[in-house]
Structures are given as C-alpha cells and as structure tokens.
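Visitor:
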Amino acid sequence: MLVIFIRTLIIFSVLVVVMRLMGKRQIGEMQPFEFIITLIIADLACIPMADLSIPLIYGVAAVLALFLLHQLFTLIEQSGRLPKKILSGTPSVVIDKNGINMNELKKNNMGVEDLIESMRSQGYFSLDDVDYAIFESNGKLSALKSAEKDETAPSSMPILIINNGKLQSKNLQILRDDADKMKGFLNDFGATLKTTEALTVDGNGRAYLKKKKEKFRIIYYPLKENIRW
Amino acid sequence: MVKSIISMIAVALILTAGVIFETNFIRNEFKVLTEESTVLYDKIESRSATENDVYALQNKWVVAKEKLHAFISHNEIKEFDLWIAEAVKYVALKKWDEALSKMEVILELEEQVPKSFEFSFANVF
Numbered sequence: 001m002l003v004i005f006i007r008t009l010i011i012f013s014v015l016v017v018v019m020r021l022m023g024k025r026q027i028g029e030m031q032p033f034e035f036i037i038t039l040i041i042a043d044l045a046c047i048p049m050a051d052l053s054i055p056l057i058y059g060v061a062a063v064l065a066l067f068l069l070h071q072l073f074t075l076i077e078q079s080g081r082l083p084k085k086i087l088s089g090t091p092s093v094v095i096d097k098n099g100i101n102m103n104e105l106k107k108n109n110m111g112v113e114d115l116i117e118s119m120r121s122q123g124y125f126s127l128d129d130v131d132y133a134i135f136e137s138n139g140k141l142s143a144l145k146s147a148e149k150d151e152t153a154p155s156s157m158p159i160l161i162i163n164n165g166k167l168q169s170k171n172l173q174i175l176r177d178d179a180d181k182m183k184g185f186l187n188d189f190g191a192t193l194k195t196t197e198a199l200t201v202d203g204n205g206r207a208y209l210k211k212k213k214e215k216f217r218i219i220y221y222p223l224k225e226n227i228r229w
Numbered sequence: 230m231v232k233s234i235i236s237m238i239a240v241a242l243i244l245t246a247g248v249i250f251e252t253n254f255i256r257n258e259f260k261v262l263t264e265e266s267t268v269l270y271d272k273i274e275s276r277s278a279t280e281n282d283v284y285a286l287q288n289k290w291v292v293a294k295e296k297l298h299a300f301i302s303h304n305e306i307k308e309f310d311l312w313i314a315e316a317v318k319y320v321a322l323k324k325w326d327e328a329l330s331k332m333e334v335i336l337e338l339e340e341q342v343p344k345s346f347e348f349s350f351a352n353v354f
C-alpha cells in the first residue's frame, strides 16, 4: 500500500507539472489538478475491477491516495496567491484594448486560430468584437463585449489571412488574391508579413490588422467585385 | 475547511493503518511459511522427507493464501501453488535433486514477495 501511495503521488505530481506546462488548452472548466484526478481515477478504478489477478485493495488504496492528494492540493491552493498561481495558474488576458496579446497566447501554447475558435463558441466572430478576452485558469474563455461594436453593421464571417507572420494560403484563395498583392496591401499600412501578428478579413472587406507592439487597426481590404460572403 | 481537514486525517489514518497492517501481516505469514519450508528443505536434503511433509507445507500455504489473496497479486499465488505441487510430486517419486530445486524456488519466492511490499527505490520505480 505504501508503494502504491508513493507511486500515485509521483504520477500525480508529474501530471500536475505536465498539465501546467501544457497550458490552458488541455483543460476545460476544471483546475489542472482536478482534471488530472478525473483523468486517472477512472483507470484506477477499472483496472483492479476488470483484472482478477490484481487484488481489489490496490485500486482502493490508489483511489484513497488520490482523494487525499486532492484535498491536500485544494487546501494548499486556497492558502494563498502564490500556491494558487503555481498549482492552477492565473487568468491570461489574451485580448485587451490594444488587440491580441501574442505573448499570453504563446504562454498557453495557443495560437490566433485557437483564440478565434474559443471566441466563436462565445458568440464573438470578430477579434474586435471584444474589448477584453481572458482565458481563465480553468481553460474557459471570458470576454467583455466591445462598447464600440456596431450592431447595425452588415455581418460577415472574418477569415484569418495572416497568423503570426504566416500567410494562410488556403484562406487567401477565398480572396482570390496572391501573396504579392497581400504584401503590397500590408505595405500600404506600414506592415510586413513578419511584423503582422494577425490579419482577418470579412466578406465586406473589413479587416482587423494587428502589428507587433502596436494597437490593432480596423482597415478595409479591397475585395474583388464578385467576392462577397 | 474543517470537513476537508477531518476527511484528510481520516483517510491518512486509514492508509497508514493499512500500510502497517499489510506490511506486518505479509511479513508474519511468510516468516511462518519460510520456517516450514526450511525444515522441509533440510529433510529433502537428508533424503528423509515424505509426501506428508510436503502436504503439510501445502496445507499451510492453502490456509495462508486465503488471506494473502487480498494483498498479493493472484499470479504470484498461482506460482506458489505450482511450485509446491511440483515439490509434492518429486518427493513422492523420491527425485531428491529435482525436489530440492523446487524448494529453492519456493524459498526464494518466500523471501522476495514480502520484499516487494517494502518501501524501496526498486519497488517505487
């Protein structure tokens, strides 16, 4: 039992560190250590149940060890800000009034595409629909709707054209333009592919441009006449 | 908070009691079995062992394994069953060398199984 307890402790601790390093992408609505318990408790219960060669007490001891660790981690987490920060992380402000914060996204092993996906699930389709977007420590996205959002503007789904300096050639095909035209367009606004963190364009030509270390801008992309979506 | 602490203490006590009981129980059970096996080994070595001597060890093992099932892997229990059964057969046939080799395995298992429950680097990793 002691060996099982120590082994559970080691596996649990390794998983907590790994899940924290993986960032908020891997969890959903649970703190990292709660997610880990959910992840391993099912197996711990099932293996001795299904494998008759393993004494049932092995599973019981490991589940009890996990319960003890859960209670212990909850107490430690609630004991102060630093333990909470270490065990569960802190919320990440991924969009603020200046636009996307790439550093925060990278810290959580996320990209602009992941952010757009999470925003869409919250009902926001454009990056400038919100003033603030925060990935909570439980992996959930919270967003504060932009006060400047024009509800009467014709709606169209924005598509990601430049993702952290990389041209999304498949999406560029929707615009029926080539890389040279896009580079020229960026050049008009004093940007290059390398300095562009994100560029989205919607079916009305409304574009969201976020250059490195600059506040985002809403500009208009000259769409070809017959291209609208 | 108080409820959490009480439940933690309760579980910690259950686990600690379990560890102490398990370690002592396994150690004592195997200590008795090792003593019996050593006596039988000496008898086989002096070629004075009878089938009944091995049956006596087998019966002791059958009684002990009923409780040991709760703590040790059932595959290890099966191993003991097989080695003891083979020892019975070789003693009955008076094949002393073969019987001795089976007893050596039994003695080795009786030494190693309790060790696998001890807190050591090898067991943890």
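Line by line, the protein sequences are chains V and B.
With our numbering, letter number 41 in the first sequence gets 41, and the count goes up by one each step, no holes.
Take any residue in the second sequence, count from 1 to its spot, add 229: that is its number in our numbering.
Where a beta carbon is used, it is the ideal one built from N, C-alpha and C, also for glycine.
The structure displayed is predicted, hence computed values, not measured ones.
State the start and end residues of the unbroken alpha helix (DSSP H) segment that holds residue 245 of chain B.
Guide: Taking the first residue of the second sequence as 1, we reach residue 245 of chain B at position 16. Per DSSP, residue 245 of chain B belongs to the alpha helix (DSSP H) from 231–274.
Visitor: In the DSSP assignment, find the alpha helix (DSSP H) that holds residue 147 of chain V and state where it starts and stops.
Guide: Locating residue 147 of chain V in the first sequence gives position 147, where the first residue counts as 1. Note, residue 147 of chain V: premise wrong, no alpha helix (DSSP H); not H, not E.
Visitor: Listing by chain order, which chain V residues have their CB less than 7 Å from the CB of residue 300 of chain B?
Guide: Taking the second sequence and counting its residues from 1, the one referred to as residue 300 of chain B is at position 71. Simply 55, 57.
Visitor: Specify the secondary structure class of residue 284 of chain B as computed by DSSP and reduced to three states.
Guide: Within the second sequence, residue 284 of chain B is the residue found at index 55, counting from 1. Here residue 284 of chain B sits in helix by DSSP.
Visitor: List, from N- to C-terminal side, the beta strand (DSSP E) runs of 3 residues or more that fit wholly inside the stretch 24–108 of chain V.
Guide: Taking only runs of at least 3 residues, the beta strand (DSSP E) segments lying wholly in the stretch 24–108 of chain V are 92–96.
Visitor: Since residue 120 of chain V is in the alpha helix (DSSP H), which residue starts that stretch and which ends it?
Guide: The residue you call residue 120 of chain V lines up with position 120 of the first sequence. Taken as a continuous stretch (DSSP letters only), the alpha helix (DSSP H) holding residue 120 of chain V covers 112–121.
Visitor: Pick out whichever of V:134, V:183, V:71 has its Cα sitting closest to the Cα of residue 34 of chain V.
Guide: Counted from its first residue, the first sequence places residue 34 of chain V at position 34. Measuring from the Cα of residue 34 of chain V, the nearest candidate turns out to be V:71.
Visitor: Classify residue 249 of chain B as buried or exposed, calling it buried when 16 or more other Cβ atoms lie within 10 Å of its own Cβ.
Guide: Residue mapping note: residue 249 of chain B aligns to position 20 of the second sequence, counting from 1. Exposed, because fewer than 16 other Cβ atoms sit within 10 Å of the Cβ of residue 249 of chain B.
Visitor: What residues in its chain sit with their C-beta under 7 Å from that of residue 45 of chain V, if we drop five residues either side in the sequence?
Guide: As a position in the first sequence, residue 45 of chain V is number 45, starting the count at 1. Within the same chain, residue 45 of chain V has close Cβ partners 59, 63.
Visitor: Beta carbons nearer than 8 Å to chain B: which residues of the stretch 57–75 of chain V have them?
Guide: So the close ones are 57, 61, 64, 65, 67, 68, 71, 72, 74, 75.
Visitor: Going by other Cβ atoms of all chains shown within 10 Å of its Cβ, with 16 needed for buried, is residue 265 of chain B buried or exposed?
Guide: Taking the first residue of the second sequence as 1, we reach residue 265 of chain B at position 36. Residue 265 of chain B comes out buried.
Visitor: Just checking my contact of residue 295 of chain B with residue 342 of chain B at CB under 8 Å: how many whole Å lie between their CB atoms?
Guide: One-based indexing of the second sequence puts residue 295 of chain B at position 66. One-based indexing of the second sequence puts residue 342 of chain B at position 113. Actually they do not touch by this definition, with Cβ atoms about 16 Å apart.
Visitor: Does the structure place the stretch 174–184 of chain V close enough to the stretch 236–256 of chain B that three or more beta carbon pairs sit under 8 Å?
Guide: In short, these stretches do not touch, since the Cβ pair count stays below three.
Visitor: Does chain V have any CB closer than 8 Å to the CB of residue 335 of chain B?
Guide: Along the second sequence, one-based indexing puts residue 335 of chain B at 106. So no, residue 335 of chain B is outside the interface.
Visitor: Residues of chain B with a CB under 7 Å from the CB of residue 1 of chain V: which are they?
Guide: Stepping through the first sequence from its first residue, residue 1 of chain V is reached at position 1. Within chain B, the residues near residue 1 of chain V are 244, 247, 248, 251.
Visitor: Could you give the C-beta distance for residue 113 of chain V and residue 172 of chain V, rounded to a whole number, given that I count them as a contact under 8 Å?
Guide: Position 113 of the first sequence holds residue 113 of chain V. Position 172 of the first sequence holds residue 172 of chain V. The pair is not a contact, with the Cβ atoms about 15 Å apart (cut-off 8 Å).
Visitor: Determine, using beta carbons only, whether residue 238 of chain V and residue 134 of chain V come nearer to each other than 8 Å.
Guide: Nothing about residue 238 of chain V can be read from this structure; chain V reaches only from 1 to 229.
Visitor: Leaving out five residues before and five after residue 399 of chain B in sequence, what residues of the same chain have Cβ atoms less than 6 Å from its Cβ?
Guide: Nothing about residue 399 of chain B can be read from this structure; chain B reaches only from 230 to 354.
Visitor: Mind checking the stretch 5–18 of chain V against chain B and listing, in chain order, the residues whose C-beta falls within less than 9 Å of any C-beta there?
Guide: The stretch 5–18 of chain V vs chain B, Cβ under 9 Å: 5, 6, 7, 10.
Visitor: Counting pairs of Cβ atoms below 8 Å between the stretch 150–166 of chain V and the stretch 193–210 of chain V, do you hit three or more?
Guide: The stretch 150–166 of chain V is in contact with the stretch 193–210 of chain V.
Visitor: With DSSP as the reference, label residue 354 of chain B as helix, strand or coil.
Guide: Here residue 354 of chain B refers to the residue found at position 125 of the second sequence. Of the three classes helix, strand and coil, the one that applies to residue 354 of chain B here is coil, per DSSP.
Visitor: Consider the Cβ of residue 304 of chain B: report whether some Cβ of chain V lies at a distance smaller than 8 Å.
Guide: For the purposes of this step, residue 304 of chain B is taken as the residue at position 75 of the second sequence. So yes, residue 304 of chain B belongs to the interface.
Visitor: Can you give me the Cβ contacts of residue 1 of chain V inside the same chain, cut-off strictly under 6 Å, excluding the 5 residues immediately before and after it?
Guide: Locating residue 1 of chain V in the first sequence gives position 1, where the first residue counts as 1. Closer than 6 Å at the Cβ level, and outside the excluded window around residue 1 of chain V, lie 61.
Visitor: Taking just the CA atoms, how far does residue 69 of chain V sit from residue 350 of chain B?
Guide: Counting from one through the second sequence, the residue named residue 350 of chain B turns up at place 121. Counting from one through the first sequence, the residue named residue 69 of chain V turns up at place 69. Cα-Cα distance, rounded: 21 Å.
Visitor: Going along chain V in order, which residues have a C-beta closer than 9 Å to the C-beta of residue 216 of chain B?
Guide: What the structure shows of chain B is the stretch from 230 to 354, and residue 216 of chain B is not part of that stretch, so it cannot be assessed.
Visitor: Could you list the residues in the stretch 37–52 of chain V with a C-beta less than 8 Å from some C-beta on chain B, going in chain order?
Guide: Correct list: 52.
Visitor: Using the three-state DSSP reduction, which class does residue 174 of chain V fall into: helix, strand or coil?
Guide: For the purposes of this step, residue 174 of chain V is identified with residue 174 of the first sequence, where counting begins at 1. Correct three-state label for residue 174 of chain V: helix.
Visitor: For residue 318 of chain B, which of helix, strand or coil comes out of DSSP?
Guide: As a first step, residue 318 of chain B is located in the second sequence; it is residue number 89 there, counting from the start. Note: residue 318 of chain B maps to helix in three-state DSSP.
Visitor: For residue 352 of chain B, return the contacting residues in chain V, with the cut-off set at a CB-CB distance below 8 Å.
Guide: On the second sequence, residue 352 of chain B is found 123 positions in, with the first residue counted as 1. The answer, in chain order, is 3.
Visitor: Kindly indicate which three-state DSSP category residue 195 of chain V falls into: helix, strand or coil?
Guide: Taking the first sequence and counting its residues from 1, one reaches residue 195 of chain V at position 195. In this structure, residue 195 of chain V counts as coil in the three-state DSSP scheme.
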